[in-house]
Amino acid sequence: MSEVIAGSGSELKTIRFLRSQLSEHVDWINVLKTPVKTWSPVECSIIVDNADFKCIPLPYSLTSETEGYIAFESDFQRGISEIVLMEYPENYFSTSILVHEASRKGASAIILYEREEPAARKIVVTDPPYPSNTPGNPPPIPVVTIDYGGLNALKDRLKASVRLKATVRVRAELKDSTGYTLIAGINGSGENEIHVAAHHDHWFEGAGDSIAGLKTLVALAKQLGSVENSVNVVLISFTAKELGSPYMSPYPWSWGSKYFLKVMKNKALLEKTLYSVVIDSVHTGNPTVNYHPSLYKVVAESLKPGWSAVPGGNHYSLDSLSYLLEGIPSMAITTLNNKYSWKIHYTSLDNQVNVNPDLIATELSGFLVKTILLSSPEKIDAKHLWDYVSRDWAPLEFKTIVAKARQAESVIGSRSVLSITTAAFSNCASLRINDHVSFHAGLLSPLLLTQEAENTLSKSLGEELFISLNLCRGRSYSFVFTKYNKGFMNEVLRKVVDDIVSSLNEDFSREYTFKVLSTFDRIQGDAVGEAGSNRS
44 MSEVIAGSGS ELKTIRFLRS QLSEHVDWIN VLKTPVKTWS PVECSIIVDN
94 ADFKCIPLPY SLTSETEGYI AFESDFQRGI SEIVLMEYPE NYFSTSILVH
144 EASRKGASAI ILYEREEPAA RKIVVTDPPY PSNTPGNPPP IPVVTIDYGG
194 LNALKDRLKA SVRLKATVRV RAELKDSTGY TLIAGINGSG ENEIHVAAHH
244 DHWFEGAGDS IAGLKTLVAL AKQLGSVENS VNVVLISFTA KELGSPYMSP
294 YPWSWGSKYF LKVMKNKALL EKTLYSVVID SVHTGNPTVN YHPSLYKVVA
344 ESLKPGWSAV PGGNHYSLDS LSYLLEGIPS MAITTLNNKY SWKIHYTSLD
394 NQVNVNPDLI ATELSGFLVK TILLSSPEKI DAKHLWDYVS RDWAPLEFKT
444 IVAKARQAES VIGSRSVLSI TTAAFSNCAS LRINDHVSFH AGLLSPLLLT
494 QEAENTLSKS LGEELFISLN LCRGRSYSFV FTKYNKGFMN EVLRKVVDDI
544 VSSLNEDFSR EYTFKVLSTF DRIQGDAVGE AGSNRS
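Next up, the structure:
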């Protein structure tokens, strides 16, 4: 399958094909139209003398023509308008940060490349560069990538010339459009439901990200049709997972799932959702199940030998975060913890030569059938959530919030507390310490990264440190420490933790108060109704 971008003609073809594959195995099927910002590459070239090197523009680069001298990143001088030849960072999620810094130093364009792999890679570049759910902008300068052959040819030219002048020409279209999320259902005998989701937009062939996920949905539908099940199963293929936010959010992923969940919430169609399963970026080897701690019993009973299970509910950049932010427990199945998977993710190597989607679908659908058949509300246990969020290193003030949440179970019920706590305690964040960048998404993301910062400080040898912590919900903290003030470093980090915990407390208290008042109003309304019927 070729590349699929949200809002494009290729997406419509994919939806029609997927619908035809599912229709005979499900009880109902719908399509949700989703407003998206469609970015489409048209032309990309690097012109040196009379030679034309093909390139690939990275979203959201706009149409432009830029001239300058090519310089490797190590030779780039501040203030000189140059086209910088830059290696992708080891953690390519931090690409936007490097582009932003190069632009601030005066770079006029960026050419990205993979040093080791003969592959082209794509990733969204935004401004501002740190992940956030606020509106964003296209990158301040054009950003393109070249494959291995193009890189070596440019290197040969650079060896033969002291100053190599080039023109980077990009043409791309950016427009408001409509994406399509496909939703299909298999009815069970009860009222509760489980969502199983993948996404259909992808870079290059996308064999593991996420054709394997789509094939898993079809395989699961075929198998569930022949068994009796107490829960309703909703199969979803999201649009706009890789990009497509109408606001070009600096956290560029998962617009399709966010929009879907908002629509479902507004229609009161999420109240019976026990949990979600998200299948994304499964390339090779045994996958990892990143699960919400309340799902411990569900996962433990169905986990296959050799598979890993990690509490937290998400892997950075996956649609499971959208569910957590709505208070719905989630598990994400991925192989991105695997080095090989990480290398080929978002590259032209993610193809059916290197990845076998049919084999992956067989493995995953077998696990999912067992998981779904074992699922019930009674097995989704808040105790395991409390164990996870009350770990030894958690600050006392945070444990006070957890204690308040546990006490609330007797007032508004375990299910409501689980939802409120999940929504309040979920976020995504990035931590930068000098040139190293870490990302996390899921339960306690900011606190986990402040813990990582604290561990790094305790091991530092006294060198100057730049620390930046950015939360997707909008808070950010940046500091520069010298080798003379380690005690002050720890004090500052404690204040950051206090501020984060205070914010969590506000979020939880607001939602808890609203739920208590709603519950009281409902009980009072029932009482009035009963009294009224007695009088009549």
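Numbered according to our numbering, the sequence shown spans residues 44 to 579. By construction, the Cβ of each residue, glycine as well, lies at the ideal position given by its N, Cα and C atoms.
Quick one: grab the DSSP three-state call for V142.
DSSP places V142 in helix when its eight states are reduced to three.
Below 8 angstroms between beta carbons: does that hold for A484 and N513?
For A484 and N513, no; Cβs fall outside 8 angstroms.
Nearest by alpha-carbon distance to E23: which of N93, E86, P102 and E116 is it?
It is not possible to answer for residue 23, since the shown part of the chain is limited to 44 through 579.
Assign A643 to one of two classes, buried (16 or more other C-beta atoms within 10 Å of its C-beta) or exposed (fewer than that).
The question about residue 643 has no answer here: the residues shown for the chain are numbered 44 through 579.
Out of P289, S324, E495 and A448, which one is the CA nearest neighbour of V79?
A check of alpha carbon separations from V79 across P289, S324, E495 and A448 identifies P289 as the nearest.
From E495, S469, N470 and F468, residue whose alpha carbon lies closest to that of S580
Residue numbering for the chain in the displayed model covers 44 to 579; residue 580 lies beyond these limits and cannot be assessed.
Residue closest to S280, alpha-carbon to alpha-carbon, out of G299, N272, S360 and T138
Of the candidates G299, N272, S360 and T138, the one whose C-alpha sits nearest the C-alpha of S280 is G299.
Which partner residues of C515 appear in the DSSP bridge assignment?
Its beta-bridge partners do not exist; DSSP assigns none.
Measuring alpha carbon to alpha carbon, tell me which residue in I229, E54, G50 and I423 is nearest P372.
Nearest C-alpha to P372: I423.
If we call anything under 8 angstroms between Cβ atoms a contact, is I113 one with T81?
No, the Cβ-Cβ distance between I113 and T81 is not below 8 angstroms.
Rounded separation between L105 and L75 - CA only:
If you take the alpha carbons of L105 and L75, they lie about 29 angstroms apart.
Can you tell me whether L560 is buried or exposed, with buried defined as 16 or more other CB within 10 angstroms of its CB?
By the neighbour-count criterion, in which a residue is buried when 16 or more other Cβ atoms sit within 10 angstroms of its Cβ, L560 is exposed.
Which residues mark the beginning and the end of the alpha helix (DSSP H) in which K97 is found?
According to the DSSP assignment, K97 belongs to no alpha helix (DSSP H) but to the beta strand (DSSP E) extending over A94 to K97.
Let me confirm a value: T77 is counted as buried when at least 16 other C-beta atoms fall within 10 Å, else exposed. Which label applies?
Buried, because 16 or more other Cβ atoms sit within 10 Å of the Cβ of T77.
For the alpha helix (DSSP H) containing R434, name the first residue and the last one.
First-last for R434: undefined, no H or E at that position.
Output the residue ranges of the beta strand (DSSP E) runs that lie fully inside the region 188-253 and measure 3 residues or longer, sorted by chain position.
The qualifying runs are 208-229 and 236-242.
C-beta atoms of Y318 and A451 nearer than 8 angstroms
No, the pair does not count as a contact, with Cβ atoms beyond the cut-off.
Between R553 and V270, what straight-line distance do the alpha-carbon atoms span, to the nearest angstrom?
Cα-Cα distance, rounded: 43 angstroms.
To the nearest angstrom, how far is the alpha carbon of V544 from that of H427?
Approximately 21 angstroms, taken between the alpha carbons.
Please report the straight-line C-alpha distance between H242 and K284, rounded to a whole angstrom.
Approximately 6 angstroms, taken between the alpha carbons.
Less than 8 angstroms between the beta carbons of E234 and K315, yes or no?
For E234 and K315, yes; Cβs fall inside 8 angstroms.
With S236 and V276 assumed to form a contact (beta carbons below 8 angstroms), what rounded beta-carbon distance in angstroms separates them?
Reading the sequence as shown, one finds Glu at residue 236 and not Ser. V276 and E236 do touch by the CB rule: their CB atoms are close to 7 angstroms apart, below 8 angstroms.
Does the region 249-257 come within contact of the region 391-406, defined as at least 3 CB pairs closer than 8 angstroms?
The answer is yes - the region 391-406 touches the region 249-257, with three or more Cβ pairs under 8 angstroms.
Using DSSP bridges, identify the partner residues of V186.
Paired residues: I153.
Can you name the start and end residues of the beta strand (DSSP E) that K76 belongs to?
Per DSSP, the unbroken beta strand (DSSP E) holding K76 starts and ends at W71 to V91.
Can you find at least 3 beta carbon pairs, one from the region 51-71 and one from the region 146-165, that sit closer than 8 angstroms?
The answer is no - the region 146-165 does not touch the region 51-71, with fewer than three Cβ pairs under 8 angstroms.
Just reading off the alpha helix (DSSP H) that E344 is part of, what are its end residues?
Under the DSSP assignment, E344 falls in the alpha helix (DSSP H) whose first and last residues are Y339 to S345.
Give me the Cβ distance between I444 and L407, rounded to the nearest whole Å; I'm assuming they're in contact under 8 angstroms.
Taking 8 angstroms as the upper bound for CB-CB distance, I444 and L407 are not in contact here, some 36 angstroms apart.
Tell me the DSSP secondary structure of A472 in three-state form.
Here A472 sits in strand by DSSP.
Please give the ranges of any beta strand (DSSP E) in the region 269-301, keeping only runs that are unbroken, at least 3 residues long and fully inside the region.
Listed in chain order, they are 275-281.
For V540, which residues in the same chain have their Cβ closer than 6 angstroms to its Cβ, ignoring the five residues on either side in sequence?
Closer than 6 angstroms at the Cβ level, and outside the excluded window around V540, lie P438 and T493.
N195 classed as buried or exposed, judged by whether at least 16 other C-beta atoms fall within 10 angstroms:
It counts as exposed.
Kindly list the residues whose CB is nearer than 7 angstroms to the CB of V571, restricted to its own chain and excluding five residues on each side of it in sequence; keep chain order.
Summary for V571: the model assigns pLDDT 43, below 50, so the residue's position carries little reliability; its value from the coordinates is reported in the next sentence. Within the same chain, and ignoring the five residues on either side of V571 in sequence, no residue has its Cβ closer than 7 angstroms to its Cβ.
Taking three-plus beta-carbon pairs below 8 angstroms as touching, is the region 192-211 in contact with the region 83-102?
Output reads yes: the region 83-102 touches the region 192-211.
Cβ separation of R152 and G179, assumed to be a contact under 8 angstroms, to the nearest whole Å
In the sequence on display, residue 152 carries Ala and not Arg. That pair is no contact at about 20 angstroms.
At which residues does the alpha helix (DSSP H) containing N498 begin and terminate?
Its alpha helix (DSSP H) spans residues S488 to K502.
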